[in-house]
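Novice: First residue of the sequence shown: 24, per this note's numbering; consecutive thereafter.
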Amino acid sequence: MENLISSRDLAFQLYEVLACDELCQRAAYYDHNRETFDAVLDTARKIAEKYFVEHNHKGDQNEPVFVDGKVEMIPEVKVAFDAQAEAGFLAAGMPYELNGMQLPHLITLAASGYFTSANPSSSAYAFLTIAASNLLNTFASDAQKQLFMQPMLEGRFAGTMALTEPSAGSSLSDITTNATPIDDGKQNDGTYKIKGQKIFISGGEQNITENIVHLVLAKIKGAPAGVKGISLFIVPKFRLDADGNPDVKNDVNLAGLFHKMGYRGTTSTHLSFGENDDCVGYLIGEPHHGLKYMFHMMNEARLGVGFGAVMMGYRGYLESLNYAKERPQGRKPSEKDPSSPPVNIIEHADIRRMLLAQKSFVEAGTALCFYAAHLVDDTVSANEKEQKEANELLDLLTPIVKSCCSDYGLKANEHAIQVLGGAGYTHEYPVEQCYRDNRLNPIHEGTNGIQALDLLGRKVWQNNSAGLKILFARMMSDINSAQSLEESKTLADTIATLLSTIQQVTENLGKAMVTQGPDKTLANAHCYLTMMGKVVFAWMWLRQSVVAENALASGESLAESEQNFYKGKIQAAKYFEQWELPNIEQDIKLLNEMNDVCFEMKAEWF
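(1) Could you give the distance in angstroms between the alpha-carbon of V537 and the alpha-carbon of E468?
(2) Let me know if C621 comes out buried or exposed under the rule of 16 or more other beta-carbons within 10 Å of its beta-carbon.
(3) Once you ignore the five residues that flank L170 on each side, which residues in its own chain have a CB closer than 8 Å to its CB?
(4) Using 8 Å as the threshold, is the stretch 456-467 in touch with the stretch 517-533, meaning 3 or more CB pairs across them?
(5) Please classify M554: is it buried, with 16 or more other beta-carbons within 10 angstroms of its beta-carbon, or exposed?
(6) Where does V537 fall in DSSP's three states?
(7) For T544, collect the residues of the same chain with a Cβ closer than 7 Å to its Cβ; drop the 5 residues on either side in sequence, then sort them by chain order.
(8) Check whether the stretch 358-373 touches the stretch 314-327, taking contact to mean three or more Cβ pairs, one atom from each stretch, closer than 8 Å.
(9) Below 8 Å, can you find three or more Cβ-Cβ pairs linking the stretch 84-103 to the stretch 113-122?
(10) Identify the residues that DSSP records as bridge partners of I493: which are they?
(11) Quick check on this structure: which residue in P247, A241, G308, N142 has the alpha carbon closest to the alpha carbon of M335?
(12) Considering only the alpha carbon of each residue, which of L491, Y452, S146, F560 lies closest to D418?
(13) Assuming L64 contacts A133 under a Cβ cut-off of 8 Å, what Cβ separation, rounded to an integer in Å, is found between them?
(14) Assuming G304 is part of the beta strand (DSSP E), what are its boundary residues?
(15) If contacts are defined as beta-carbon pairs under 8 Å, then F390 and Q36 qualify, I think. What distance do you get, rounded to the angstrom?
(16) Could you give the distance in angstroms between the alpha-carbon of L113 and the alpha-carbon of F104?
(17) Compute the distance between the beta-carbons of C302 and V258, then report whether it is under 8 Å.
(18) State the start and end residues of the unbroken alpha helix (DSSP H) segment that holds H80.
(19) Can you tell me whether K590 is helix, strand or coil according to DSSP?
(20) So what's K512 in DSSP terms, helix, strand or just coil?
(21) If you draw a straight line from the C-alpha of G182 to the C-alpha of N157, how long is it?
(22) Can you tell me whether R262 is helix, strand or coil according to DSSP?
(23) With which residues is H549 paired in a DSSP beta bridge?
(24) Count the other C-beta atoms from every protein chain shown that fall within 10 angstroms of the C-beta of F393, then say buried if there are 16 or more, exposed otherwise.
(25) Enumerate in chain order the residues of its own chain whose CB-to-CB distance from Q352 is below 7 Å, with the five nearest sequence positions on each side excluded.
(26) Give me the Cα-Cα distance between S29 and E386, rounded to the nearest whole angstrom.
(27) In terms of DSSP beta bridges, what is F89 paired with?
(28) By how many angstroms is the C-alpha of W562 removed from the C-alpha of I198?
(29) So is Q107 buried or exposed if we call it buried at 16+ other beta carbons inside 10 Å?
(30) In angstroms, rounded to a whole number, what distance separates the CA positions of F9 and K315?
(31) Are the stretch 435-444 and the stretch 393-409 in contact at 8 Å, needing three or more beta carbon pairs?
(32) If you follow the beta strand (DSSP E) that A181 is part of, which residue opens it and which one closes it?
(33) In whole angstroms, what is the alpha-carbon distance linking G308 and G297?
(34) Excluding the 5 residues flanking S193 on each side, which residues of the same chain have their C-beta closer than 8 Å to its C-beta?
(35) Mind reading off the beta-carbon distance from M175 to A155? Whole number of angstroms is fine, and I expect it under 8 Å.
(36) Can the beta-carbon of S357 be found closer than 8 Å to that of L443?
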């Protein structure tokens with residue numbers, strides 16, 4: 024029994040729904056084929072099973088500790104990180120000239136799913152390092168890439184993103200960390216003294232790499248107010264010697280660790296920069312463009328958060344599915360003989376309800392994250408028109424991927440605990456840890472409320488609603504492809520009707536933004552995000568249902584296991600259509616009537 028990701032579902036999503044092997048026809052990926060993709064995925068699975076999954080529970084029970092200004096961690100974390108790095112996964116998406124594998128993002132994301140499902144905490148160090156490396160590769164100077172990015176790709180250095188401050192979380196315009204040019208009598212070479220505090224910095228201190236490269240948002244003295252005055256700096260834990268090796272300790276100090284509900288194996292740190300006025304940072308790119316640069320990493324992280332949430336939900340789903348198939352308990356309501364043998368709990372309809380809910384959440388979430396990853400590949404390897412479309416659609420989908428996947432992944436974990444009953448509430452089974460680990464995902468990289476404001480306040484209207492128009496056009500294309508299919512047509516027609524309604528809701532909100540102002544119009548942004556997320560998830564199920572139905576009707580002689588797989592896809596699509604999608608009507612109602620119950624509530628009334 025598989026308990027990380029279903030290999031059959033992985034192949035279905037990648038090759039049958041997305042036809043990702045067709046990426047190999049593009050110049051960037053011409054050296055690859057399905058065999059190389061499968062080899063990468065198989066290697067990731069083996070490393071995850073050998074080095075990551077075994078210490079997932081141990082890392083949770085033995086979280087990092089703060090001793091004499093340093094962090095102590097269980098040794099298995101470094102072993103796992105090193106195994107992942109030595110296999111080339113930190114540089115897998117990089118071009119050949121950077122010693123990468125030049126793999127599509129879709130494949131590197133799928134491979135990372137094994138690590139995340141096996142051990143979210145230990146896999147986070149590599150995730151952050153890869154995202155930081157991608158930012159440096161896009162915006163840093165050649166010298167900075169050589170000094171800091173190359174060792175990160177080799178696994179010698181790790182990366183972090185340092186944004187949040189004690190008095191500035193999502194409101195980055197309020198950060199107070201400052202940067203002062205170092206005056207050595209010469210023209211400034213981009214070297215600054217950094218001073219300030221950063222909190223909730225994941226991986227901000229650890230003992231698994233030689234150095235840590237912090238990407239720090241700060242304001243250069245005299246910079247414009249607000250977000251227009253933010254710059255981005257490389258601030259290493261250790262400064263480098265003439266040969267590029269860690270040398271003198273930089274003035275970056277660990278003030279303390281945060282003790283979390285879950286995700287305990289990933290350090291969450293309070294860092295102090297420049298306590299002794301000797302913290303050196305190196306400016307990335309142009310002054311005052313830091314937030315634009317950082318959004319490159321933040322958007323990658325938001326897509327990664329959504330995928331991570333789905334993988335944790337997937338792990339819980341498979342654990343509860345395997346348990347339900349083997350756990351005898353009770354009898355069917357029609358069985359009145361107390362001496363008859365009990366049935367495995369998967370025979371009970373309510374257990375199947377919770378398993379079906381999980382399946383519908385995590386397999387649609389996987390489809391959505393892979394779809395977004397394919398868009399990332401389109402932005403760098405497709406033709407000019409397709410690149411532009413992919414960028415517009417990816418911008419629109421990013422807040423949906425981050426928030427809706429983290430909501431549905433968490434719901435899946437809640438159902439998994441319930442399937443196991445009392446056992447699910449204990450440390451002896453992994454599903455309760457899946458839930459605790461996953462609870463972070465609706466919060467970090469911009470809370471889901473922030474994502475809702477981003478979607479309705481900005482992304483929907485961006486470039487004359489170009490992203491929304493592309494989304495609706497692609498949905499209608501899939502709706503049309505389902506019209507001749509008996510099972511899939513019902514879901515297709517339901518989505519088509521909802522699209523018409525959503526267009527009208529969106530137009531009404533656009534008018535309200537002008538007539539009633541953004542404060543009231545955005546008060547119910549969460550409803551808009553939820554509405555959009557449910558329709559997008561339904562679309563992902565439509566795409567899977569169409570492929571499954573066509574496979575069953577192909578006339579080919581399918582093995583029974585294959586028939587069961589495809590029938591399971593169609594049934595899960597039906598579940599989402601009939602059990603989850605109808606809930607959208609409440610969101611539509613609240614949005615249409617511009618419900619003001621929350622908006623009109625006064626702080627004094629609580």
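Even glycine gets a Cβ: it sits at the ideal position worked out from N, Cα and C. Keep in mind it's a predicted model, so treat the numbers as computed, not measured.
Specialist: In brief:
(1) Looking up residue 537 in the sequence shown gives position 514. Looking up residue 468 in the sequence shown gives position 445. One C-alpha to the other measures close to 30 Å.
(2) Locating residue 621 in the sequence shown gives position 598, counting from the first residue. Exposed, since its Cβ has fewer than 16 Cβ neighbours within 10 Å.
(3) The count along the sequence shown starts at 1 and reaches residue 170 at position 147. So the list reads L263, G267, once near-sequence residues are dropped.
(4) Not touching, per the Cβ criterion.
(5) As a working note, residue 554 is residue 531 in the sequence shown. M554 comes out buried.
(6) Translated into the one-based positions of the sequence shown, residue 537 becomes position 514. In the three-state scheme derived from DSSP, where H, G and I count as helix and E and B as strand, V537 is classed as helix.
(7) Mapped onto the sequence shown, residue 544 falls at position 521. If you ignore the 5 residues before and after T544, its C-beta comes within less than 7 Å of the C-beta of L532, A535, M536, all in its own chain and listed in chain order.
(8) no
(9) no
(10) Locating residue 493 in the sequence shown gives position 470, counting from the first residue. For I493, which the question treats as bridged, DSSP gives no partner whatsoever.
(11) Within the sequence shown, the letter at position 312 stands for residue 335. For M335, the nearest C-alpha among the options comes from N142.
(12) Translated into the one-based positions of the sequence shown, residue 418 becomes position 395. Among L491, Y452, S146, F560, the Cα nearest to that of D418 belongs to L491.
(13) Taking the first residue of the sequence shown as position 1, residue 64 is located at position 41. Taking the first residue of the sequence shown as position 1, residue 133 is located at position 110. Confirmed, about 6 Å.
(14) Start at 1 with the first residue of the sequence shown, and residue 304 comes out as number 281. Segment 303-306, the beta strand (DSSP E) holding G304.
(15) Along the sequence shown, one-based indexing puts residue 390 at 367. Along the sequence shown, one-based indexing puts residue 36 at 13. Note on identity: in this sequence residue 390 is Ala, with Phe being the wrong assignment. 6 Å between Cβ atoms; contact.
(16) One-based indexing of the sequence shown puts residue 113 at position 90. One-based indexing of the sequence shown puts residue 104 at position 81. About 10 Å.
(17) Position 279 of the sequence shown, counted from the start, is the residue given in the question as residue 302. Position 235 of the sequence shown, counted from the start, is the residue given in the question as residue 258. Cβ distance < 8 Å, so C302 and V258 count as in contact.
(18) Taking the sequence shown and counting its residues from 1, one reaches residue 80 at position 57. Note, H80: alpha helix (DSSP H), 79-84.
(19) As a first step, residue 590 is located in the sequence shown; it is residue number 567 there, counting from the start. Correct three-state label for K590: helix.
(20) As a first step, residue 512 is located in the sequence shown; it is residue number 489 there, counting from the start. K512 falls in the helix class under three-state DSSP.
(21) For the purposes of this step, residue 182 is identified with residue 159 of the sequence shown, where counting begins at 1. For the purposes of this step, residue 157 is identified with residue 134 of the sequence shown, where counting begins at 1. Roughly 11 Å between the two C-alpha positions.
(22) As a working mapping, residue 262 is identified with position 239 in the sequence shown. In this structure, R262 counts as strand in the three-state DSSP scheme.
(23) Looking up residue 549 in the sequence shown gives position 526. DSSP lists no partner for H549.
(24) In the sequence shown, the residue the question calls residue 393 occupies position 370. By the 10 Å Cβ count, F393 comes out buried.
(25) By one-based count along the sequence shown, residue 352 stands at place 329. Around Q352, the same chain offers P365, I368 as residues with beta carbons nearer than 7 Å, after the five sequence neighbours per side are excluded.
(26) Within the sequence shown, the letter at position 6 stands for residue 29. Within the sequence shown, the letter at position 363 stands for residue 386. A straight line joining the alpha-carbon of S29 with that of E386 spans about 10 Å.
(27) Here residue 89 refers to the residue found at position 66 of the sequence shown. V94, per the DSSP bridge assignment.
(28) Here the question's residue 198 lines up with position 175 in the sequence shown. Here the question's residue 562 lines up with position 539 in the sequence shown. Roughly 40 Å between the two C-alpha positions.
(29) Counted from its first residue, the sequence shown places residue 107 at position 84. So Q107 ends up on the buried side.
(30) Residue 9 lies beyond the residue range present for the chain, which begins at 24 and ends at 629; the question has no answer from this structure.
(31) no
(32) Sequence index remark: in the sequence shown, residue 181 carries index 158 (1-based). A181 -> beta strand (DSSP E) spans 180-185.
(33) Numbered from 1 along the sequence shown, position 285 holds the residue referred to as residue 308. Numbered from 1 along the sequence shown, position 274 holds the residue referred to as residue 297. Those two C-alpha atoms are separated by around 22 Å.
(34) On the sequence shown, position 170 is the one that residue 193 refers to. Around S193: G469, T470, I473.
(35) The residue labelled residue 175 in the question sits at position 152 within the sequence shown. The residue labelled residue 155 in the question sits at position 132 within the sequence shown. Yes, M175 and A155 are in contact; Cβ-Cβ is about 7 Å, under 8 Å.
(36) Against the sequence shown, residue 357 aligns to sequence position 334. Against the sequence shown, residue 443 aligns to sequence position 420. Contact flag unset, no.
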